[in-house]
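Quick notes on the structure that follows.
Chains as they are written, first to last, in the working numbering: chain A, 1 to 261; chain B, 262 to 439; chain C, 440 to 878.
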């Protein structure tokens, strides 16, 4: 039938493949969970960056609210320099936590203050202790949560700010809490954020939405600390490759124009 | 047959091929760098490239070993006797002449890397029960090198003094090595 | 046509001559990659062999540098990958190149295969070439499967558990085989360790079979979009510089697209759940393989009924491997003497339907079997769509192709490539005489 017809078919197939990829890779809506609202994050898009001020507030929320139950094992105190903290400030933050070190020369383990090189100190020594302290539920490590759920930052934000009273007639099982965004609607974590629960050092009003927003900004950074470097490099690389492709294509056409047609 | 492609048609065609080749070569070179760089020390390794030591717990005359970049570092809070012996040495007697003043920041504190400059053993002398060699410093049990109270080689096969690592006093009681 | 084995023209300088007379690598390269006559009418789908070679090299290089930093122990693997992402210089880049590289490897492989199916590249005398390709595909799938286990995330662990458990379906020896694979009583440290060793090894096996694949290709020469053999030098061009040049264009475009994903959407093709560390006591809500395995996963799940004396689990496994098996015997299923779908109007339709069928199979593989396909019609479930698409897949290969070989009336073939390319043409459709080269 001709090349053009086949080209159209090829294009249609490509479109279908893309559509299929999009469909099949998108999250199967986790059961009956409520649809998560799309937020406008500072870090979204090709030129998105971490809102450092927000992330610093988020660190405060993590340390004061979340760190009681949730570890942040993949992050080291020294990483906080990325968020604009000075070495002295980070040392001061770290020094408030104790780390088990050793064995010393007597063969004993000992406690010492955390230093820059240490990972964030966990609230529990192991998963079993964490579960025992939380009625059998395991508070997950927060380092990667933004990447670990379809919906990402939008989902975490919705979850944290979305606690509500259960609809009339719903039986909330003992020990659980109603949250329409959580798959199955009943989550073990009680609402962690309360109005003015944290006193922000920069004076920002600590509404639940604000704290949720800040801690998610922080968690986006803990999940993808390389993001800014990656996007910056990506811009240069992709631009370079586009130009390279164009030059190569022009050279190819010149070379092929030799041949009799 | 294949040679026909080399028309000497003019610089425009060659320029195109040249720029294509150049771009490609630049790209390839740039692409190789991340691979090589990944082999350099990573951030967590670099974080351990310095060690801070709290000196306030070390008594007069006491010696402490700390780990720095995987190696032992001897910290000696020297007695006045040890200091004067170190300072009054005739440099002509030394295999590796170095004045004590050149090896310390504050004379009371000697900081040296505890690796024998002969073949790499860790010299004895840190613990009170260990031998200190004929000059009261350190004694390497592997081939009997003797180091003095400034960590300088005096007798035995080692060619050089115990190295002094880069360090600085952060304040009166803390030093940062590395 | 091709130069003799004596070093003519350029391969002449001292050192090159010295080496070449003792080990003819240079004259080999000159003959097989420079002077090698290739049909002049390749379209852009012919780029993908070179693209695949590049991808193999990229995967091996990123893999080796990742292996310098990775620890294959269940207690350390997940953290070692995070260390690569966070602390190793450009570690995130190596990791994302490797993970997205796998995806793009499969994109290229599938395009390469469908090109072969459309243009009849699997037909005589290229049957062995095609079968070597299927061997490469199998090795690639094994490599990718094992590689995905290494980060030791939830999907790594549970995907490994599900797929290794399938082998227990083999009668008599099934359970022993699974225990052998595991090195224990479940997917655990021994499994992870051996998967790492084998994952490192297999790409070099792939490399070896690729060499055989290319040698086989050079024996028969390349196929072309018309499926008509080159009759003489007027039908061909030397591979270098024409196709080296054209391949670099295609490669550059392919790499550009891949770079866009690596730098701006590096987790688009991935499964978020794999960023949770493997938890043997917590099964994820939905266990899914990577997208490139979804069609096979769909076929596996579609056979949920016993077939005669074969129980459903075994039947599903046989169907899954059978889906690749039919590819092996494709040259003998489709006996039409006409290669290219350009001249096979009926086959052409069925080709596109097959492609659509494979895409839908992929969709089916990613969804829970009990979900409705369309929100309104609860009775038509994913599993039903799976039945239809699985049936069609095997129907296409096992029934349709042999029948087409007998009953199809192909269009008249052009007398030669150059005739078709340079205009003029056979009686009838002028369409066949359109220039293939859209320079």
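Where a beta carbon is used, it is the ideal one built from N, C-alpha and C, also for glycine.
Asked, Found
"Checking the sheet assignment: what are the DSSP bridge partners for residue 111 of chain A?", "A/100"
"Would you check if the distance between the CB atom of residue 206 of chain A and the CB atom of residue 200 of chain A is smaller than 8 Å?", "yes"
"Can you tell me whether DSSP reads residue 248 of chain B as helix, strand or coil?", "No answer is possible for residue 248 of chain B: it lies beyond the span of chain B, which begins at 262 and ends at 439."
"Would DSSP call residue 850 of chain C helix, strand or coil?", "coil"
"Is the segment 121 to 140 of chain A close to the segment 174 to 190 of chain A, with three or more CB pairs under 8 Å?", "yes"
"Whose CA, out of C/795, C/732, C/834 and C/768, lies closest to the CA of residue 585 of chain C?", "C/732"
"In or out: residue 301 of chain B buried (at least 16 other Cβ within 10 Å) or exposed?", "exposed"
"In the DSSP assignment, the alpha helix (DSSP H) including residue 428 of chain B goes from what residue to what residue?", "It is not in any alpha helix (DSSP H) - residue 428 of chain B instead sits in the beta strand (DSSP E) that spans 428 to 432."
"Less than 8 Å between the C-beta atoms of residue 762 of chain C and residue 825 of chain C, yes or no?", "no"
"Counting contacts by CB-CB distance shorter than 8 Å, is residue 530 of chain C in contact with chain B?", "yes"
"What are the residues of the segment 281 to 304 of chain B that lie near chain E, defined by any Cβ-Cβ distance shorter than 7 Å?", "Absent here is chain E; the protein component of the structure consists of chains A, B and C."
"Does DSSP put residue 305 of chain B in a helix, in a strand, or in coil?", "helix"
"Using CA coordinates, which residue listed in B/303, B/312 and B/352 is at the minimum distance from residue 507 of chain C?", "B/303"
"I'd like to check one pair, residue 212 of chain A with residue 161 of chain A: are the Cβ atoms closer than 8 Å?", "yes"
"Residue 702 of chain C versus chain A: which residues are under 7 Å apart at the beta carbon?", "230, 231, 233, 234, 237 and 238"
"What is the DSSP secondary structure of residue 35 of chain A, counted as helix, strand or coil?", "coil"
"Measure how close the beta-carbons of residue 676 of chain C and residue 479 of chain C come, nearest whole angstrom, since I'm counting them as under 8 Å.", "5 Å"
"Among the residues of its own chain, which have a CB less than 8 Å from the CB of residue 618 of chain C, if the five just before and after it don't count?", "624"
"Compile a chain-ordered list of the residues in the segment 72 to 103 of chain A whose CB is closer than 9 Å to at least one CB of chain B.", "76, 78 and 79"
"I'd like to check one pair, residue 121 of chain A with residue 98 of chain A: are the Cβ atoms closer than 8 Å?", "yes"
"Is the CB of residue 46 of chain A under 8 Å away from at least one CB in chain C?", "yes"
"Quick one: does residue 209 of chain A have its CB under 8 Å from some CB of chain C?", "no"
"Give a yes or no on whether the C-beta atoms belonging to residue 439 of chain B and residue 426 of chain B are separated by under 8 Å.", "yes"
"Assign residue 396 of chain B to one of three DSSP states: helix, strand, or coil.", "coil"
"State the DSSP-derived secondary structure class of residue 478 of chain C, mapped to helix, strand or coil.", "strand"
"Looking at the C-beta of residue 500 of chain C, does it have a partner C-beta in chain B at a distance below 8 Å?", "yes"
"Give me the Cα-Cα distance between residue 568 of chain C and residue 666 of chain C, rounded to the nearest whole angstrom.", "16 Å"
"May I ask you to report which of helix, strand or coil DSSP gives residue 439 of chain B?", "coil"
"When the cut-off is 8 Å and only beta carbons count, does residue 159 of chain A lie next to chain C?", "no"
"Could you tell me which of B/411, B/378, B/405 and B/389 sits nearest to residue 398 of chain B, measuring between CA atoms?", "B/411"
"For the segment 305 to 324 of chain B, enumerate the residues whose C-beta is nearer than 8 Å to any C-beta of chain A, in chain order.", "305, 308, 309 and 313"
"Could you tell me the alpha carbon to alpha carbon distance between residue 594 of chain C and residue 378 of chain B, rounded to whole angstroms?", "52 Å"
"Could you check the C-alpha separation between residue 217 of chain A and residue 576 of chain C for me, to the nearest Å?", "42 Å"
"At what residue ranges does the segment 666 to 702 of chain C contain a whole run of the beta strand (DSSP E), taking only runs of 3 or more?", "675 to 677"
"Should residue 860 of chain C be flagged as near chain B, meaning a C-beta pair shorter than 8 Å?", "no"
"Could you tell me which of C/658, C/556 and C/505 sits nearest to residue 664 of chain C, measuring between CA atoms?", "C/556"
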